[in-house]
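Comments concern the structure below.
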Amino acid sequence: MKKVLQALSFYAFTVLTFPFKFMPLRWLYVISDIMYVFIYKIFRYRVEVVRQNLKRSFPQKTKKELREIERKFYSHFCDLFVEQFYILHANAPKAKRLCSFKNLEQLDQYYNENKSIVVASGHYGNWELYGLFGLFLKHQVFGAYKPLGNKYFERFVNASRERFGALAVPMRDTPRTAMQFAKDGKLFFLGLIADQTPAKGEIRYWTTFLNQDTPVFLGTEKIARKLNQPVFFCSMRKIKRGFYEIELELLTENPVDTKPYEVTEMHVKALERLINEAPEYWLWSHRRWKHSRNLTQTTNEQH
Numbered sequence: 001m002k003k004v005l006q007a008l009s010f011y012a013f014t015v016l017t018f019p020f021k022f023m024p025l026r027w028l029y030v031i032s033d034i035m036y037v038f039i040y041k042i043f044r045y046r047v048e049v050v051r052q053n054l055k056r057s058f059p060q061k062t063k064k065e066l067r068e069i070e071r072k073f074y075s076h077f078c079d080l081f082v083e084q085f086y087i088l089h090a091n092a093p094k095a096k097r098l099c100s101f102k103n104l105e106q107l108d109q110y111y112n113e114n115k116s117i118v119v120a121s122g123h124y125g126n127w128e129l130y131g132l133f134g135l136f137l138k139h140q141v142f143g144a145y146k147p148l149g150n151k152y153f154e155r156f157v158n159a160s161r162e163r164f165g166a167l168a169v170p171m172r173d174t175p176r177t178a179m180q181f182a183k184d185g186k187l188f189f190l191g192l193i194a195d196q197t198p199a200k201g202e203i204r205y206w207t208t209f210l211n212q213d214t215p216v217f218l219g220t221e222k223i224a225r226k227l228n229q230p231v232f233f234c235s236m237r238k239i240k241r242g243f244y245e246i247e248l249e250l251l252t253e254n255p256v257d258t259k260p261y262e263v264t265e266m267h268v269k270a271l272e273r274l275i276n277e278a279p280e281y282w283l284w285s286h287r288r289w290k291h292s293r294n295l296t297q298t299t300n301e302q303h
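Counting with this note's numbering, you get residues 1 to 303 for the letters of the sequence shown.
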């Protein structure tokens with residue numbers, strides 16, 4: 001019965017969103033403006049979560065400043081929603097018009113040196129555009145994703161992501177896939193959305209992020225140190241409505257030479273700097289701080 005309901009919801013979704021495939025982006029932004037009124041003004045979707053997150057992250061800002069960030073966030077959130085639909089159906093030329101990539105030529109150097117690349121990023125801007133890396137790089141691009149409960153949606157979304165040359169790999173399989181690529185001599189570009197919240201039993205490290213105790217995944221650091229591959233942070237900036245700029249920032253060339261958790265702190269602080277530039281483009285509706293740190297804990301590492 002569950003599979004039947006999942007199938008019905010998926011096919012209903014495809015029918016309802018089918019017209020989006022033929023709409024230019026400017027029409028979708030009209031839909032976004034209408035959605036903004038309903039999601040933010042009428043239904044107040046997760047407004048209390050957003051406000052709490054903003055207040056704790058920016059205690060120095062006035063109520064007026066926080067409300068302005070909140071307003072801009074919901075406007076971007078609705079844009080993000082319609083852009084996701086657009087990208088799901090857009091061909092490569094159309095998708096490429098949504099963003100530009102800076103300094104990708106530096107990756108050719110690492111490819112020629114027989115080095116793979118590990119890249120950390122966050123839920124900032126429009127992260128679905130990261131799949132476009134597969135159109136430009138010599139490395140095999142693959143990214144980690146969190147499996148969905150509805151496998152019909154999961155197959156659809158992954159097929160959309162992979163049509164530009166990248167591979168979608170479940171989070172739990174990411175380390176094993178990276179190790180296998182290395183064993184087979186295949187150079188890869190691994191993209192990790194590193195600002196997700198670990199489950200309570202999976203927390204191994206806490207840091208200070210946006211003025212709050214924050215648990216973070218250690219996957220980026222563990223893979224990079226294990227294989228000793230260069231680590232980058234992927235910055236995305238929204239230049240204007242419907243156009244983003246993506247830039248890679250080198251964090252370290254030799255992770256094995258860093259101290260424990262140093263790589264993790266590097267990409268956490270890089271994301272924090274990006275958020276402070278333009279806070280409205282981060283995913284504030286996510287319950288990022290739902291776990292409390294154990295104050296009696298004397299070390300970050302929990303065995």
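Beta carbons are placed, not taken as given, at the ideal position from N, Cα and C, and that holds for glycine.
Here the structure is a predicted model, which is why all the values come from computation and not from measurement.
query: DSSP on Asp346, reduced to helix/strand/coil?
result: This structure leaves residue 346 out entirely; the chain is present only between 1 and 303.
field: For Leu167, the nearest candidate out of Gln140, Arg176 and Leu148 (CA to CA)
entry: A check of alpha carbon separations from Leu167 across Gln140, Arg176 and Leu148 identifies Gln140 as the nearest.
task: Determine the direct distance from the alpha carbon of Tyr45 to that of Ile39, and round the result to whole angstroms.
output: Each residue's alpha carbon lies about 6 angstroms from the other.
- prompt: Quick one: what's got a C-beta closer than 6 angstroms to Met179's C-beta in the same chain, skipping five residues either side?
  reply: Result list for Met179: empty, nothing under 6 angstroms.
message: What does the alpha-carbon distance come out to for the pair Ile223 and Pro175?
response: Separation of Ile223 and Pro175 (C-alpha to C-alpha, rounded to the nearest whole angstrom) is 6 angstroms.
Given Leu192 as reference, the closest of Asn158, Val119 and Asn228 once Cα atoms are compared: Checked all of Asn158, Val119 and Asn228; the closest Cα to Leu192 is Val119.
message: I'd like to check one pair, Tyr130 with Cys358: are the Cβ atoms closer than 8 angstroms?
response: Here the chain has residues from 1 to 303 only, and residue 358 is not among them.
query: What span of residues does the beta strand (DSSP E) with Leu107 cover, start to end?
result: Here Leu107 belongs to no beta strand (DSSP E); instead the alpha helix (DSSP H) covers Glu105 to Asn112.
task: Check the C-beta distance from Glu272 over to Leu210 and give it rounded, since I have them as a contact under 8 angstroms.
output: The beta carbons of Glu272 and Leu210 sit about 6 angstroms from each other, so the pair counts as a contact at 8 angstroms.
Selected residue, minimal CA-CA separation from Arg241, among Arg287, Leu80 and Leu16: Comparing Cα positions, the closest option is Leu80.
- prompt: What does Leu250 pair with, by DSSP beta-bridge criteria?
  reply: Beta-bridge partners of Leu250 (DSSP): Phe232.
query: Using a Cβ-Cβ cut-off of 6 angstroms (strictly less than) and excluding sequence neighbours within five positions of Gln212, which residues of its own chain qualify?
result: So the list reads Arg56 and Trp289, once near-sequence residues are dropped.
- request: Reducing DSSP to helix, strand and coil, say where Leu218 ends up.
  value: Three-state result, Leu218: coil.
Gly191 - partner residues in DSSP beta bridges: Beta-bridge pairing by DSSP links Gly191 to Val119 and Gly143.
- prompt: Cβ atoms of Leu251 and Met266: under 8 angstroms apart, would you say?
  reply: Judged by beta-carbon spacing, Leu251 lies within the 8 angstroms limit of Met266, meaning their Cβ atoms are closer than that value.
- prompt: Do Lys186 and Leu135 come within 8 angstroms of each other at the CB atom, strictly closer than that value?
  reply: Between Leu135 and Lys186, the C-beta spacing is not below 8 angstroms.
field: Reference Ile69, options Phe188, Leu283 and His291, closest by Cα
entry: Selected option, being the one with the closest Cα: Leu283.
- prompt: Is the beta carbon of Phe142 less than 8 angstroms from the beta carbon of Phe188?
  reply: At the C-beta level, Phe142 and Phe188 come within 8 angstroms of one another.
query: Tell me which same chain residues have a C-beta within less than 8 angstroms of the C-beta of Tyr106, skipping the five on either side of it?
result: Looking at the sequence itself, residue 106 is Gln, so the reference to Tyr does not match. If we look at Gln106 and ignore the five residues flanking it on each side, its Cβ neighbours are Leu248 and Leu250.
message: Can you tell me whether Leu227 is buried or exposed? The criterion is at least 16 other CB atoms within 10 Å of its CB, across all chains shown.
response: It is buried - the Cβ of Leu227 has at least 16 other Cβ atoms within 10 Å.
- request: Measure the C-alpha to C-alpha separation of Met23 and Ala270 and round it to an integer number of angstroms.
  value: Roughly 36 angstroms between the two C-alpha positions.
query: What's the gap between the Cα of Pro198 and the Cα of Leu25?
result: Cα to Cα, the separation comes out at about 35 angstroms.
- prompt: If you check the beta carbons only, do Tyr152 and Gln6 fall under 8 angstroms apart?
  reply: Yes.
query: For Ala90, which three-state DSSP category applies?
result: Residue state, collapsed to three classes: coil.
Of the listed residues Val157, Arg163, Ser75 and Gly125, nearest to Pro93 (C-alpha basis): For the residues Val157, Arg163, Ser75 and Gly125, the minimum Cα distance to Pro93 belongs to Arg163.
Residue interval of the beta strand (DSSP E) (run including Lys102): Unbroken beta strand (DSSP E) run through Lys102: Cys99 to Lys102.
message: Using the three-state DSSP reduction, which class does Ala168 fall into: helix, strand or coil?
response: Note: Ala168 maps to strand in three-state DSSP.
message: Buried or exposed for Arg225, going by 16 or more other Cβ atoms inside 10 Å?
response: Result: buried.
message: Just to check my reading of the structure: Glu280 and His76 have Cβ atoms closer than 8 angstroms, yes? What is that Cβ distance to the nearest angstrom?
response: The distance from the Cβ of Glu280 to that of His76 is about 6 angstroms, consistent with a contact at the 8 angstroms cut-off.
- prompt: DSSP state of Val15, grouped into three classes?
  reply: Note: Val15 maps to helix in three-state DSSP.
message: Between the alpha carbons of Gln196 and Ile275, how many angstroms are there, rounded?
response: The alpha-carbon atoms of Gln196 and Ile275 are separated by roughly 15 angstroms.
- prompt: Could you give the residue range of the beta strand (DSSP E) that holds Phe209?
  reply: Trp206 to Phe209 is the extent of the beta strand (DSSP E) around Phe209.
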